[in-house]
Structure formats: C-alpha cells, structure tokens
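Start counting the sequence shown at 689; every next residue gets the next number (our numbering).
Beta carbons are placed, not taken as given, at the ideal position from N, Cα and C, and that holds for glycine.
These numbers were taken from a predicted model, which means no experiment stands behind them.
Following: one structure in structure tokens, then a few remarks.
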Amino acid sequence: MSNNEVEIKYLQEIESKVGNSTPILGILVLVGYILTISVSIMQGAEIGEVMPIILIGGVVATIILISLFTILSKIALWWVPSENVAES
C-alpha cells in the first residue's frame with residue numbers, strides 16, 4: 689500500500705467515526721432547544737418573550753455544534769491510530 693492509499697483510508701475512517709455522531713448531537717441540541725421553549729410557554733411566557741430565547745438559542749446551538757465537530761474531528765485525527773487503517 690502506498691502512503692497516499694493509507695492516508696485516504698485513514699481519512700475515510702475518521703470521516704465515518706466523526707460523521708456517525710452528527711445526527712445524534714443535532715437531535716440532542718434540538719430536543720434541549722424545544723424543551724426550553726416549551727417550559728417557557730408552560731410557565732406563562734408570551735410568544736414575544738420567547739422569541740429572544742429562540743433566536744439566541746439558535747445562534748448558541750449553531751456555535752456549539754460547529755465547535756463540537758471541530759474539536760471531535762481534531763480528537764479523531766489525533767486518536768485513531770494509522771496502523772489499524774493500514775491493516776484493514
């Protein structure tokens with residue numbers, strides 16, 4: 689196996705490991721987001737009062753997800769040993 693083939697296989701394995709966690713994290717953030725809005729409305733908040741929570745929550749959730757995936761991909765690059773990829 690050439691060096692490039694090993695590198696491509698290595699990157700594909702990382703992509704599959706990092707990519708598999710994406711939907712789960714997205715769903716968790718979405719559930720937390722919906723719960724926050726639901727609890728606010730149940731406690732008697734008006735839609736006008738909930739709108740800032742929706743807007744801020746959306747921005748924060750997006751920033752958190754982007755940061756998380758960046759960190760996850762860096763950890764995966766560091767953590768996945770390249771010998772395992774070469775053997776498979």
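(request) Can you grab the Cα-Cα spacing for the pair I696 / G714, in whole Å? (result) Position 8 of the sequence shown, counted from the start, is the residue given in the question as residue 696. Position 26 of the sequence shown, counted from the start, is the residue given in the question as residue 714. Answer to the nearest angstrom: the Cα atoms are 27 Å apart.
(message) Taking 8 Å as the limit between beta carbons, can you name the residues of its chain near S728, skipping five residues before and five after?
(response) Indexing the sequence shown from 1 puts residue 728 at position 40. If we look at S728 and ignore the five residues flanking it on each side, its Cβ neighbours are E737, V738, I741.
(request) Give the secondary structure of E695 by DSSP, where H, G and I count as helix, E and B as strand, and everything else as coil. (result) Within the sequence shown, residue 695 is the residue found at index 7, counting from 1. In this structure, E695 counts as helix in the three-state DSSP scheme.
(message) For L797 and I735, what's the separation of their Cα atoms in angstroms?
(response) No statement about residue 797 is possible, as the shown extent of the chain runs from 689 to 776 and does not include it.
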